[in-house]
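Engineer: Input: one structure, supplied below.
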Amino acid sequence: LLTRSPLFTLCAVLSLAIGIGANTAIFTVANALLLAPTRGVMEMNRLVDIGRTTDGRGFDTVSYLTYADFRSDNPVFENLFALRLEPGAMSLGGDQGAEVAYGEQVSASYFDVLGFAASAGTFFRTGEENLSTPLRTVVLSHAYWQRRFGASPSAVGQSIVLNGAAFTIAGVAPAGFHGTTVLSPDLWLPVTAYVRGLPDETALRGRRNQSYTMTARLKPGVSIEQAQAYATTFMRRLEEQYPEAYRRKGLVVVPASRLPGIAGDFVTPFLAALMGVVGLVLLVACTNLAGLMLARATSRSREIAVRLALGASRGSIAGLLITESLVLFGAGAIAGLGVARALVALMTTALGAVPMPIMLDLALDWRVALFTAGLALTTGILTGLAPALQSTRANLVPDLKADSSAPKTQRLRHAFVTMQMAFCLVLIVMAGLFLRALGKATDVDPGFDVAAIDVATVDLRHAGYPDARMAAVAEEISARLAALPGVAAVGTAAMIPLEGSGMGLGGLRPAGATDPAAEVDTDWNIISPGYLPAIGVPILRGRNFTAADRDGAPRVAIVNEHFAGAAWPNQDPVGRVLENGDFRPGRESTIERITVVGVTRDVKYRWLGEAPRPFIYVAASQNNEPRAHFFIRRRDQAAVTLTAGVRQTLKAYDANLPLVRMQSLQSYADLGLLPQRLAGSIAGSLGGVALLLAAIGLYGVTAFAVASRSREIGIRMALGANPQRVVRLMLGMGLRLVAIGGTIGLATAIGAAHLVRGLLFGVSPLDPTAYVATAGLLGGVALIATYLPARRAASVDPLIALRTE
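Using my numbering, you'd call the opening residue of the sequence shown number 403 and step up by one each time.
Spelled out as structure tokens, the structure:
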């Protein structure tokens, strides 16, 4: 039966493939991030993540001592480990100079908790960890073992140099294991390794040095609720012992995730918003198909009546129509898997822009296959149900006359078109809002130059320079980079603007102020004199840093306009003095004085969407900061990046100093807009598909009305109706459906827009431009889709129309 209507079948399968494929692609990402177990880990259902809360809210890091206390004499966990979330770039020494390896610091119990065997060699174990003794063994990831060591068994037991310290390769992790989070390290090393660039014993013994999350394996029979109760009791005991460190603090126990803490709090709503968008596309496709199937069933009313007259049961008729629907949805699901593969490949390409190693296993596994099959089965039954029920209500005598123009046969088709228009308007409004937000974001002036600037990241700790030499080394390297062909200017900074992170260097207040309200909550950056000129930030008053602002000279700072207004309203801040340190009673010795020597304009610091905030720059030569981001301005904006020249310059300066990362400043700005870009591109492209489906649905119902009412139209024209009147009649029917659906969709869109307002960069959920443009677009498409069959109605020959019955 379906092959007799090849155009109907092809359109149905293609529209379903797009709707089901888009849903499958987003579910594949959600599955990889939130549902799929970590490959190779035993009994994932018994693993939990544990983080710090403040006043019962959040999921934050804890100190090493908190982890150590929690691990000892624990009645609810078999074992637990501590982990620093972000793999750090480390210097791996070699015959040809240093190279970068990403190492993740974990406690020695890490592999004991996960419960799998090494692919080669062995792991470091729980009992080997001691705060007083460095543990310098590493475990390689299987992929890094293959890439760097050629999968040689002799690599196990080999000595390597990381950040200038000798380590022994203890073993290799199993193939496919990339860590317990989405970040994919090259190797794992103990938190007690104590090498340059990583926390030392003093840092680990500080209860306020909170850099670790915890993951534990529950004892058999212990529930998460029991573990949470113990964690709460444990923190109350710690608060009694160390009130300053643990006041208002608690622990939260949640199922283990590849996105622990605030990362999951951000990604989960984002994925939910995308699932809502692609769900709307599928709803549009389903309502379109339901309308087409209803029209098809109505056109087969005489056939169905004949079947019933010959003894077919109403159940068999309903089964026939639902089976046809399921066949269409089955074919759509199979084709949708191909669409999903293509979309997943595009998203995988987008992940390449993330400036850290990430591993997402975006395989179409059994969960994805089950989701796709369940989605096709459920939507197939629901979509085929209405046409099936309508057809089983057949009245033999009227249906044998095939009076498909009766109002009762039209009403349900109109309802589906109205629903389709409502869903379509919601989707296009969302696409419009996302695209408006992306446009707003890209139009924002960050306050400095982004084009033609490359950022070369180097960690001076890798080469073993003492703290007192850090600033001088950075200046020497800057001078060499500035001499490269095509380089206009070079400056260094500890933080990269627009990458989303900030730096704090203690409390800050105007000198002489004692009121806690006078403290200025601000982000910091440590910069060289060349930084502000290199990125084009003007100094409005005062001066830039100079060579005279060195260690031993009075400390100096440059503040932005917002800082100056907050600290000294309506006063000139140049020459004013700030106090920096711990302002609690008894800590006066920590307080240092900083003189403001300049004021810059307000710019964007963490991300493009932030409101104006106080900001302070301090001189690199007075703050020995090992992180050095070299901001290199190219003379020619169109020139390619200078990666090869930078790498050669570093190698010539010090063979043990690797280039950690080289990216354009524009790429950092773009990375902050990645959620808006994904949402905008997905919603925009799928919104166009939905609009096309809605136009086809409206065209189909109008064309069917014209065909089924040809005798009525012929009578009207025979009695004197002119073609314009017939066109208005058909247009009125179609546009009335659009108006009803549009009104429903508009109300729904307003509610949906408020749910995703966190992604609407600088755009109100009630942005009039998006709504007016959407209504105009939908109205224009509806007018065209309705006008074409209406014109056909006006060309009906009354004599031919009156002979059709």
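Note that the Cβ used here is the ideal one computed from N, Cα and C, for glycine as well. Please read all numbers here as calculations on a predicted model, not as lab measurements.
If you draw a straight line from the alpha carbon of MET1208 to that of ALA824, how long is it in whole angstroms?
Structural biologist: With the chain covering only 403 through 1207, there is no way to say anything about residue 1208.
Engineer: Please say whether VAL819 and GLY1099 have beta carbons closer to each other than 9 angstroms?
Structural biologist: Yes, Cβ-Cβ distance for GLY1099 and VAL819 is below 9 angstroms.
Engineer: Can you tell which of ALA959, GLY786 and VAL686 has its C-alpha closest to the C-alpha of LEU723?
Structural biologist: Nearest of ALA959, GLY786 and VAL686 to LEU723, Cα basis: GLY786.
Engineer: Which same chain residues, not among the five before or five after PRO956, have their C-beta less than 7 angstroms away from its C-beta?
Structural biologist: Result list for PRO956: THR997, in chain order.
Engineer: Quickly, what does DSSP pair GLN1065 with across the bridge? List them, please.
Structural biologist: For GLN1065, which the question treats as bridged, DSSP gives the partners VAL857.
Engineer: Does the Cβ of GLU981 have 16 or more other Cβ atoms within 10 Å, making it buried, or fewer, making it exposed?
Structural biologist: Buried: at least 16 other Cβ atoms inside 10 Å.
Engineer: Enumerate in chain order the residues of its own chain whose CB-to-CB distance from ALA804 is below 7 angstroms, with the five nearest sequence positions on each side excluded.
Structural biologist: Because the pLDDT at ALA804 is just 49, under 50, the model does not fix this residue reliably, and the point stays unresolved.
Engineer: For the pair the segment 869-886 and the segment 1020-1032, tell me if three or more CB-CB distances fall below 8 angstroms.
Structural biologist: Touching, yes.
Engineer: Mind checking which residues open and close the beta strand (DSSP E) that includes THR570?
Structural biologist: Looking at the DSSP string, the run of the beta strand (DSSP E) that includes THR570 is 567-574.
Engineer: Which term fits LEU403, buried or exposed, when burial requires 16 or more other beta carbons within 10 angstroms of its beta carbon?
Structural biologist: Exposed, by the Cβ-count rule.
Engineer: Note down, in chain order, each residue of its chain lying with its Cβ closer than 8 angstroms to the Cβ of VAL574, except the 5 sequence neighbours on either side.
Structural biologist: So the list reads ALA520, SER521, ALA522, GLY523, VAL541, LEU542, SER543, HIS544, TRP547, ALA557 and VAL558, once near-sequence residues are dropped.
Engineer: For the candidate residues ASN690, ILE562 and PRO439, whose alpha-carbon lies nearest to that of GLY495?
Structural biologist: Of the listed residues, the one whose Cα sits closest to GLY495 is ILE562.
Engineer: So, are the CB atoms of ALA567 and ARG609 less than 9 angstroms apart?
Structural biologist: Not closer than 9 angstroms, so no.
Engineer: Count the other CB atoms, across all protein chains shown, that sit within 10 Å of the CB of HIS1156; report buried if there are 16 or more and exposed otherwise.
Structural biologist: HIS1156 is exposed by the Cβ-count criterion.
Engineer: By Cβ distance, which residues of its chain are closer than 6 angstroms to ARG607, with the 5 residues on each side in sequence left out?
Structural biologist: Hits under 6 angstroms: none found.
Engineer: Only counting runs of 3 or more residues, tell me where the beta strand (DSSP E) segments fall wholly within the segment 553-631, in order along the chain.
Structural biologist: Complete beta strand (DSSP E) runs here, min 3: 561-564, 567-574, 589-592 and 612-620.
Engineer: Within this structure, are the beta carbons of VAL999 and ALA959 separated by less than 9 angstroms?
Structural biologist: Cβ distance < 9 angstroms, so VAL999 and ALA959 count as in contact.
Engineer: Pull up the distance between the alpha-carbon of GLU627 and that of ASN476, whole angstroms please.
Structural biologist: Approximately 15 angstroms between the Cα atoms of the pair.
Engineer: Please confirm whether VAL683 and LEU829 have their CB atoms less than 9 angstroms apart.
Structural biologist: Yes, Cβ-Cβ distance for VAL683 and LEU829 is below 9 angstroms.
Engineer: Are at least three pairs of beta-carbons, each pair with one atom in the segment 733-750 and one in the segment 427-434, less than 8 angstroms apart?
Structural biologist: They touch, by the three-pair rule.
Engineer: Below 6 angstroms CB to CB, which residues in the same chain sit around THR411 once its five sequence neighbours on both sides are set aside?
Structural biologist: Hits under 6 angstroms: LEU404.
Engineer: If you pair each beta-carbon of the segment 894-901 with each one of the segment 1044-1057, do three or more pairs fall below 8 angstroms?
Structural biologist: The segment 894-901, when compared against the segment 1044-1057, does not touch it at the 8 angstroms Cβ threshold.
Engineer: What do you reckon, are the CB atoms on GLY893 and ILE941 nearer than 9 angstroms?
Structural biologist: It is not a contact, given that the beta carbons lie outside the stated cut-off.
Engineer: Per DSSP, what kind of secondary structure is ALA804 in: helix, strand or coil?
Structural biologist: For ALA804, the predicted structure reports a pLDDT of 49, less than 50, and the residue's modelled location is therefore unreliable. A value from the coordinates is still provided. DSSP places ALA804 in coil when its eight states are reduced to three.
Engineer: Using a 10 Å radius around the Cβ and a threshold of 16 neighbouring Cβ atoms, would you call GLY581 buried or exposed?
Structural biologist: It is buried - the Cβ of GLY581 has at least 16 other Cβ atoms within 10 Å.
Engineer: Considering Cα atoms alone, identify which of GLY1122, ARG838, ALA1092 and LEU416 is closest to VAL1183.
Structural biologist: Looking at the Cα atoms, ALA1092 is the closest of the given residues.
Engineer: Use the C-beta contact count for ASN927: other C-beta atoms within 10 angstroms, 16 or more gives buried, fewer gives exposed.
Structural biologist: The residue in question, ASN927, is buried, as its Cβ has 16 or more Cβ neighbours within 10 Å.
Engineer: Could you tell me the distance, in whole angstroms, from the CA atom of LEU435 to the CA atom of VAL680?
Structural biologist: Their Cα atoms are separated by approximately 18 angstroms.
Engineer: Smallest Cα separation from GLN792: which of GLY932, ARG459, LEU766 and ILE706?
Structural biologist: Closest by alpha carbon: ILE706.
Engineer: Among VAL1165, ALA1195, THR1176 and LEU1148, which one has its Cα closest to the Cα of MET1135?
Structural biologist: Answer by Cα proximity: ALA1195.
Engineer: Taking Cβ positions, are VAL508 and LEU485 nearer each other than 9 angstroms?
Structural biologist: Going by C-beta atoms, VAL508 is nearer than 9 angstroms to LEU485.
Engineer: Please identify the residue among GLU994, HIS964 and SER1087 whose C-alpha is closest to the C-alpha of LYS1006.
Structural biologist: Residue HIS964 is the option with its Cα nearest to LYS1006.
Engineer: With the cut-off set at 9 angstroms, would you say GLY738 and GLY423 are in Cβ contact?
Structural biologist: Yes, they are a contact pair.
Engineer: Quick one: Cα of ALA885 to Cα of ALA853, how far?
Structural biologist: The alpha-carbon atoms of ALA885 and ALA853 are separated by roughly 20 angstroms.
Engineer: Using CA atoms only, rank isn't needed, just tell me which of ALA470, LEU1131 and ARG943 is closest to PHE636.
Structural biologist: Nearest of ALA470, LEU1131 and ARG943 to PHE636, Cα basis: ALA470.
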